[in-house]
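K.L.:
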Amino acid sequence: EHDARPYVPDTGDLGALRRAAASCRGCPLHADATRTVFGAGPRRARVVLVGEQPGDREDREGEPFVGPAGALLRRALAESGLDESSVYFTNAVKHFKFTVPEGGKRRIHKAPNLREMTACRPWLVAELASVRPRLVVALGATAGRALFGGPFRVGDHRGLLEPLPGGGAEADGRTLPEARVLVTVHPSAVLRARDREAAYRGLVSDLKAAARALA
Ligand code: URA
Ligand code: SF4
14 EHDARPYVPD TGDLGALRRA AASCRGCPLH ADATRTVFGA GPRRARVVLV
64 GEQPGDREDR EGEPFVGPAG ALLRRALAES GLDESSVYFT NAVKHFKFTV
114 PEGGKRRIHK APNLREMTAC RPWLVAELAS VRPRLVVALG ATAGRALFGG
164 PFRVGDHRGL LEPLPGGGAE ADGRTLPEAR VLVTVHPSAV LRARDREAAY
214 RGLVSDLKAA ARALA
């Protein structure tokens with residue numbers, strides 16, 4: 014268990030990648046989670062949206078962004094004029110990481126660490142190389158770190174349209190697309206914000222900038 018590379022097939026076919034990811038054991042997170050939650054969406058989506066990792070609902074249903082954060086995100090996309098049907102949804106890490114507090118039974122989300130993010134990155138690279146979007150939207154710091162590498166602060170990048178690091182170059186034997194990246198907050202951060210309405214407006218305004226970049 015060092016990273017996902019031994020499990021990632023050479024193919025660029027998304028269906029084949031998804032099937033292979035179902036039995037990934039590239040890091041310890043597969044052990045406690047229910048299933049791999051691979052990305053979902055059109056194979057030639059113009060936009061790839063990258064979250065952190067599946068949550069409780071995603072882990073049970075096997076699809077990304079189907080829980081409360083996903084509902085908020087889909088509402089924000091609709092409001093921004095970004096058509097959900099042209100978006101491929103995925104996560105930096107593809108298994109749910111959680112703790113169950115002593116005496117409790119609810120599974121509490123735990124942020125993935127750098128090793129887990131690094132271990133899972135080959136799946137994200139394979140998805141980006143296969144879908145070849147024009148725009149990648151990074152939701153929050155984990156997604157930002159997975160795409161940019163190194164320490165990453167959302168505030169330093171938020172709302173900018175930057176070239177995808179490594180775009181046009183090879184990674185893990187695949188060529189990353191020459192896409193642009195827009196960084197915004199994670200929808201879960203909006204749900205936790207003290208001023209939820211203001212945080213939501215901020216997310217929508219960033220997504221509107223993403224929609225304009227595609228026009
Ligand atoms: N949060 C994420 O980052 N990804 C999901 O798929 C769901 C919630
Ligand atoms: Fe593989 Fe990623 Fe799951 Fe770890 S989190 S087992 S690397 S799919």
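Position in the sequence shown (from 1) plus 13 gives the number in the UniProt record's numbering.
Ideal Cβ placement from N, Cα and C applies to all residues, glycine included.
1. Have a look at residue 98 and residue 54 and give me their C-alpha separation to the nearest angstrom.
2. Check whether the Cβ atoms of residue 206 and residue 64 sit closer than 9 angstroms, and answer yes or no.
3. Using the rule of at least 16 other Cβ atoms within 10 Å of the residue's Cβ for burial, across every protein chain shown, is residue 200 buried or exposed?
4. Would you list, in sequence order, the uninterrupted beta strand (DSSP E) runs of no fewer than 3 residues that lie entirely inside the region 116-180?
5. Run through the DSSP bridge pairs and tell me what residue 111 is partnered with.
6. Is there at least one non-hydrogen atom of the ligand URA closer than 8 angstroms to the beta-carbon of residue 82?
7. Let me check you understand the geometry: is the CB of residue 51 closer than 8 angstroms to at least one non-hydrogen atom of the ligand URA?
8. Relative to the C-alpha of residue 101, which residue among 196, 187, 60, 73 is closest?
9. Are there any heavy atoms of the ligand SF4 lying less than 8 angstroms away from the beta-carbon of residue 87, as far as the coordinates show?
10. Pick helix, strand or coil for residue 223, following the three-state DSSP scheme.
11. Taking Cβ positions, are residue 79 and residue 88 nearer each other than 9 angstroms?
12. Taking C-alpha atoms, which residue in 107, 43, 56, 47 lies nearest to residue 66?
13. Helix or strand or just coil, what does DSSP make of residue 195?
14. For residue 74, name the three-state secondary structure that DSSP assigns.
15. For the ligand SF4, which residues have a Cβ under 7 angstroms from at least one heavy atom, in chain order?
16. Report the residue from 144, 47, 74 whose alpha carbon sits nearest the alpha carbon of residue 24.
17. Determine which residues share a DSSP beta bridge with residue 51 and list them.
18. Can you give me the start and stop residues for the beta strand (DSSP E) that residue 64 sits inside?
19. Are the Cβ atoms of residue 140 and residue 27 separated by less than 9 angstroms?
20. Using only the alpha-carbon positions, how far apart do residue 123 and residue 109 sit?
P.N.:
With the structure as the only source:
1. Taking the straight line joining both Cα atoms gives about 7 angstroms.
2. Between residue 206 and residue 64, the C-beta gap is not smaller than 9 angstroms, which leaves the two residues out of contact.
3. The residue in question, residue 200, is buried, as its Cβ has 16 or more Cβ neighbours within 10 Å.
4. Listed in chain order, the complete beta strand (DSSP E) runs (minimum 3 residues) inside the region 116-180 are 148-152, 174-176.
5. Bridge pairing for residue 111: 122 [DSSP].
6. Under cutoff, so the answer is yes.
7. Not under cutoff, so the answer is no.
8. The residue among 196, 187, 60, 73 with its C-alpha nearest the C-alpha of residue 101 is 60.
9. The ligand SF4 never approaches residue 87 closely enough for any of its heavy atoms to be under 8 angstroms from the residue's Cβ.
10. In this structure, residue 223 counts as helix in the three-state DSSP scheme.
11. Not closer than 9 angstroms, so no.
12. Taking each of 107, 43, 56, 47 in turn and checking the Cα distance to residue 66, the smallest one comes out for 107.
13. In the three-state reduction of the DSSP assignment, residue 195 falls in the strand class, which pools E and B.
14. Reduced to three states, the DSSP call for residue 74 is helix.
15. Here the list is 16, 17, 20, 34, 37, 38, 39, 40, 42, 43, 49, 106, 107, 108, 129, 132, 133, 136.
16. Measuring from the Cα of residue 24, the nearest candidate turns out to be 144.
17. Within the DSSP secondary-structure output, residue 51 pairs in no beta bridge.
18. That run of the beta strand (DSSP E) goes 60-64.
19. Taking 9 angstroms as the cut-off, the beta carbon of residue 140 is found closer than this to the beta carbon of residue 27.
20. A straight line joining the alpha-carbon of residue 123 with that of residue 109 spans about 8 angstroms.
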